[in-house]
Amino acid sequence: MNINGENSIQSAYGRRRGTAIINTEKGIIVVAERNSKFLLPGGGTRPHEMQIESAIREVKEELGVYPVEVKFLFRYMAAKVFFMKVVGTPIPHNEISRIGYYNPSCNLEVSNNTKKILDIYYGSYMAP
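In structure tokens form, the structure reads like this:
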């Protein structure tokens, strides 16, 4: 439990971050820079920016899609994780060079924190 009395899961995320889970027919969208592991879209907050705002901004910047529905799911240490429905076709922008689609049986190499967040999502928010 954190100092605000909220349950949080400890991780290596020490900086405030907004993280997006975008579940499509192909799987959950993950992104990667050249020669790196896949991550969930999102990023650190700017001064005076809320985590939901950074998640929306980063999804637009990294993928070129527009969120039409955003719902807070859970906190993963300093990251807040949001479920998003988006419109548009995801295309890598800015530092992103690859887009992948994650599901529990795929063989994409995702970061440890991404895997933990996805395990929580599949364990708590997806119907069996």
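Going by the UniProt record's numbering, the letters in the sequence shown line up with residues 1 to 128, in that order.
Glycine included, each C-beta is placed from N, C-alpha and C at the ideal position.
Secondary structure note for residue 40: it is in no alpha helix (DSSP H), with a DSSP letter that is neither H nor E. Here residue 36 is exposed: its Cβ has fewer than 16 other Cβ atoms, across all protein chains shown, within 10 Å. Judged by their CB atoms, residue 41 and residue 65 are not nearer to each other than the 7 Å cut-off.
Distance from residue 88 to residue 32 at the Cβ level is roughly 19 Å; contact not present, criterion being Cβ atoms closer than 8 Å. Sequence-distant partners of residue 71 (beyond 5 residues in either direction) whose C-beta falls short of 7 Å from its own C-beta, in its chain, are 82, 83.
Out of 97, 94, 20, 103, the CA that lies nearest to the CA of residue 56 is found in 20.
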